[in-house]
Amino acid sequence: MGLAKALLTAGIQKVKEQGASTISIGVDVVNTPAVQLYRRFRFAVRSRLSFHAWSVDGSQIV
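For any residue, its number in this note's numbering is found by taking its place in the sequence shown, counting from 1, and adding 571.
Here's what the structure looks like:
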């Protein structure tokens, strides 16, 4: 088992033990390995968020 899969498995188990019935995850859509991992764990896209950020000198950074 890879590290990411092991950590996600442990995290899911922990929140289930704490009584959670849902889990929300935020991920950048260009992070393909993470998106694929979450899909293998049956997570689904429920919404999308777009944002932009600028540095203090006014140049766009995202």
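Positions of the beta carbon are idealized from the N, C-alpha and C atoms, including for glycine.
Tell me whether leucine 620 is buried or exposed, calling it buried when 16 or more other Cβ atoms sit within 10 Å of its Cβ.
-> Working through the sequence shown from its first residue, we reach residue 620 at position 49. Label assigned to leucine 620: exposed.
Rounded separation between serine 626 and valine 601 - CA only = Reading the sequence shown from its first residue, position 55 is the one you call residue 626. Reading the sequence shown from its first residue, position 30 is the one you call residue 601. If you draw a straight line from the Cα of serine 626 to the Cα of valine 601, it is about 22 Å long.
Length-filtered (4 minimum) alpha helix (DSSP H) runs lying within the stretch 572 to 624 = Counting only runs of 4 or more, we get 574 to 588, 603 to 611.
Any 3 or more C-beta pairs closer than 8 Å across the stretch 575 to 586 and the stretch 606 to 624 = Yes, they touch.
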